[in-house]
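Notes to accompany the following structure.
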Amino acid sequence: MPKFEVVVFNQEVRDRVAVQEKHEGYEDEWADPHYIQVSAHDEDGARAKINRQHPPEHGFVITDITPVTENTF
Numbered sequence: 000m001p002k003f004e005v006v007v008f009n010q011e012v013r014d015r016v017a018v019q020e021k022h023e024g025y026e027d028e029w030a031d032p033h034y035i036q037v038s039a040h041d042e043d044g045a046r047a048k049i050n051r052q053h054p055p056e057h058g059f060v061i062t063d064i065t066p067v068t069e070n071t072f
């Protein structure tokens, strides 16, 4: 199954960090992009997996999805 690298951050955390406040549910590190690899049949499947793990309604934002190519050395 293909792998995808998904870049995700949390907008609510980012907004709180910008005014030097803490988010009540997530660590400050979620203000920064996280690079997460997932296996999925296609980009839509990768997006669906990440959205289940990191729901948009909780402030998570996907900024990029890139297929991961395996090096064969």
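Residue numbers (numbering that gives the first Met the number 0): 0 to 72.
Don't be surprised by glycine CBs; every beta carbon is placed ideally from N, CA and C.
Looking at residue j and residue i, is the spacing between their C-beta atoms short of 7 Å?
i          : j          : result
residue 22 : residue 6  : no
residue 16 : residue 31 : no
residue 29 : residue 9  : yes
According to DSSP, is residue i part of a helix, a strand, or is it coil?
i          : result
residue 63 : strand
residue 57 : helix
residue 36 : strand
residue 42 : helix
residue 48 : helix
Around the C-beta of residue i, are 16 or more other C-beta atoms found within 10 angstroms, so that it is buried, or is it exposed?
i          : result
residue 57 : exposed
residue 53 : buried
residue 18 : exposed
residue 37 : buried
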